[in-house]
Amino acid sequence: MYKEEENSKPEFMKRPGINPFRTPDGYFDSIEDRIMKEIQLTEKKKSTSSIIFRILKPAFGIAASLTLVYFLATYPFTKNTINAKVSSTYSAPIKADSSLSFLLIDESTLVNAIFSDEKSPVADINPDEMLAYLSSGLNEVEIYSEIQN
Amino acid sequence: MTNDQQILDCLKDPSTKELAFRHLISKYKERLYWHIRKIVLNHNDTDDVLQNTFIKIWNGLDSFRAESSLFTWLYRIATNESITFLNQRKRKMMSSLTDENEYLVNNLESDTYFDGDQWQMLLQKAIAILPDKQRIVFNMKYFDEIKYEEMSEILETSVGALKASYHHAVKKVEEYVKSHETRFEP
Chain B
1 MYKEEENSKP EFMKRPGINP FRTPDGYFDS IEDRIMKEIQ LTEKKKSTSS IIFRILKPAF
61 GIAASLTLVY FLATYPFTKN TINAKVSSTY SAPIKADSSL SFLLIDESTL VNAIFSDEKS
121 PVADINPDEM LAYLSSGLNE VEIYSEIQN
Chain G
1 MTNDQQILDC LKDPSTKELA FRHLISKYKE RLYWHIRKIV LNHNDTDDVL QNTFIKIWNG
61 LDSFRAESSL FTWLYRIATN ESITFLNQRK RKMMSSLTDE NEYLVNNLES DTYFDGDQWQ
121 MLLQKAIAIL PDKQRIVFNM KYFDEIKYEE MSEILETSVG ALKASYHHAV KKVEEYVKSH
181 ETRFEP
């Protein structure tokens, strides 16, 4: 395909490939100086910034260490405060509801109630009354069979 | 100090580095200038790119491993700098241009350092509207007569792909020239 191309060269390629561009007079004479000047400027900028960095490096180090120490020292407190804030924000307030009133009874009251010598209100009830109460839901046959047993 | 190896040896020595770099600029300034000029077309843009190219070369001297020739390495940097420059310019001008190659055509028409006749202007316009890769390959082959093998090293592309690029570029330039040539024929 490329050999074919060479044989049938397009018309424009039969003309010599002349460079139609030019440069300003004496342009190439001063290029070295200009470029070297620019390179020196860049090098100077680089070295200035590296000097500044070298001077500030210990200060940056100290600042970073102090920040780290401060953070480590205050973190546990911050964590507690955050927990407290979270719990106060997200926990539902306990209403003075009668169903939860037993939660408000203090420990000594409970101990007294259990171990006191006071007679239980159940002790005053007559055994016959108790039997009548318990058998109130039963029919006669059931009561008879219970007694027989 | 005219030999590339001599220049490279002196560049390694801090006491002769600057002098050697001056020699390097002196040796390659014109070849690199014309290579860049054919890509960006305008003299002022070429001047900026050439300066950036030599600064890049200076900064990258330590990374040059001599796996390729000095000439190839310099051409590669110049090509990449030119393409980067053009892409930046095109991106900036995109809002006001309908076609991204219009930037190059405008650049060509506004260049005061163009000495060619009408036909050469037409040819340059035809080259300007080619895709970047095809344009670079066409210029290197048609104007600079660089061998495909050498071009392959510079552009890091296979010889086959370069031949195909050149073939497509020639066809497009031919079509453009044919369709526009009659306008100024006597």
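For the protein sequence lines, the chains are B and G, in the order given. Here this note's numbering is used: position 45 in the first sequence is 45, and no number is missing along the way. Here this note's numbering is used: position 86 in the second sequence is 86, and no number is missing along the way. Backbone N, C-alpha and C fix where the C-beta goes; we use that ideal spot for every residue, glycine too. Model, not experiment: these values are computed from the prediction.
Where does F143(G) fall in DSSP's three states? Within the second sequence, the letter at position 143 stands for residue 143(G). Of the three classes helix, strand and coil, the one that applies to F143(G) here is coil, per DSSP.
List in chain order: all unbroken alpha helix (DSSP H) runs of 4+ residues lying wholly within the segment 92-129 of chain G. Along the length of the segment 92-129 of chain G, whole alpha helix (DSSP H) runs at least 4 residues long occupy 102-110, 118-128, reported in chain order.
Work out the CA separation of D62(G) and Y113(G) for me, nearest whole Å. Here residue 113(G) refers to the residue found at position 113 of the second sequence. Here residue 62(G) refers to the residue found at position 62 of the second sequence. C-alpha separation (whole angstroms): 36 Å.
Consider the Cβ of D115(G): report whether some Cβ of chain B lies at a distance smaller than 8 Å. Sequence index remark: in the second sequence, residue 115(G) carries index 115 (1-based). Yes - at least one Cβ of chain B is within 8 Å of the one on D115(G).
With D9(G) as the anchor, note down where its alpha helix (DSSP H) starts and where it stops. The residue you call residue 9(G) lines up with position 9 of the second sequence. D9(G) -> alpha helix (DSSP H) spans 4-12.
Classify I31(B): buried if its beta carbon has 16 or more other beta carbons within 10 angstroms, exposed otherwise. Position 31 of the first sequence, counted from the first residue, corresponds to residue 31(B). I31(B) is buried by the Cβ-count criterion.
Sequence-distant residues of its chain with Cβ nearer than 7 Å to M140(G) (five each side left out): As a working mapping, residue 140(G) is identified with position 140 in the second sequence. Taken in chain order, the residues that qualify are I146, M151.
Sequence-distant residues of its chain with Cβ nearer than 6 Å to P186(G) (five each side left out): Position 186 of the second sequence holds residue 186(G). Any answer about P186(G) is weak, because its pLDDT of 46 lies below 50 and its placement is not dependable; what the coordinates show is given next. The answer is none, since no qualifying residue turns up.
So is V170(G) buried or exposed if we call it buried at 16+ other beta carbons inside 10 Å? If you number the second sequence from 1, residue 170(G) lands on position 170. By the neighbour-count rule (16 or more Cβ atoms within 10 Å), V170(G) is buried.
Between which two residues does the alpha helix (DSSP H) carrying E30(G) extend? Residue mapping note: residue 30(G) aligns to position 30 of the second sequence, counting from 1. Unbroken alpha helix (DSSP H) run through E30(G): 17-40.
Hey, is R22(B)'s beta-carbon within less than 8 Å of any beta-carbon in chain G? Start at 1 with the first residue of the first sequence, and residue 22(B) comes out as number 22. So yes, R22(B) belongs to the interface.
Does DSSP put F64(G) in a helix, a strand or coil? One-based indexing of the second sequence puts residue 64(G) at position 64. F64(G) sits in coil when the DSSP states are folded into three classes, being neither helix nor strand.
List, in chain order, every chain G residue whose beta-carbon is nearer than 7 Å to that of T42(B). Taking the first residue of the first sequence as 1, we reach residue 42(B) at position 42. By Cβ distance, chain G contributes I55.
Evaluate R37(G) with the Cβ neighbour count: other Cβ atoms within 10 Å of its Cβ, from every protein chain shown; 16 or more gives buried, anything less gives exposed. Along the second sequence, read from residue 1 onward, the residue named residue 37(G) stands at position 37. By the 10 Å Cβ count, R37(G) comes out buried.
From what residue to what residue does the alpha helix (DSSP H) around D25(B) run? Translated into positions along the first sequence, residue 25(B) becomes position 25. Segment: none, D25(B) is in no alpha helix (DSSP H) and carries neither H nor E.
With DSSP collapsed to three states, give me the class of P186(G). Position 186 of the second sequence holds residue 186(G). Here the model assigns P186(G) a pLDDT of 46, short of 50, so the residue's position is not dependable, and the following value carries that caveat. Coil at P186(G), not helix or strand.
Residues of chain G with a CB under 7 Å from the CB of G17(B): which are they? Taking the first sequence and counting its residues from 1, one reaches residue 17(B) at position 17. Near G17(B) (Cβ distances below 7 Å), the residues of chain G are Y142, F143.
Do you know offhand how far A73(B)'s Cα is from G61(B)'s? Stepping through the first sequence from its first residue, residue 73(B) is reached at position 73. Stepping through the first sequence from its first residue, residue 61(B) is reached at position 61. A73(B) and G61(B): Cα-Cα distance of roughly 18 Å.
With 16 other CB atoms within 10 Å as the buried threshold, where does Q5(G) fall? In the second sequence, residue 5(G) corresponds to position 5, counting from 1. Q5(G) comes out exposed.
What is the DSSP secondary structure of G17(B), counted as helix, strand or coil? Within the first sequence, the letter at position 17 stands for residue 17(B). DSSP places G17(B) outside both helix and strand once states are collapsed to three, so it counts as coil.
Counted within 10 angstroms of its Cβ, other Cβ atoms place K68(B) as buried (16 or more) or exposed: The count along the first sequence starts at 1 and reaches residue 68(B) at position 68. Per the sequence presented here, residue 68(B) reads as Leu, with Lys not at that position. Looking at its Cβ environment, which holds fewer than 16 other Cβ atoms inside 10 Å, L68(B) is exposed.
Identify whether E156(G) lies in helix, strand or coil by the three-state DSSP scheme. For the purposes of this step, residue 156(G) is identified with residue 156 of the second sequence, where counting begins at 1. Reduced to three states, the DSSP call for E156(G) is coil.
Let me know the secondary structure DSSP gives D128(B) once reduced to three states. Looking up residue 128(B) in the first sequence gives position 128. Here D128(B) sits in helix by DSSP.
Closer than 8 Å by C-beta to L50(G): which residues in its own chain qualify, once you throw out the five before and the five after it? Chain order, please. Indexing the second sequence from 1 puts residue 50(G) at position 50. So the qualifying residues of the chain are K29, L32, Y33, I36, A78.
Contact criterion: CB-CB distance below 8 Å. Does W34(G) meet it with respect to chain B? For the purposes of this step, residue 34(G) is taken as the residue at position 34 of the second sequence. Chain B contact via Cβ: present.
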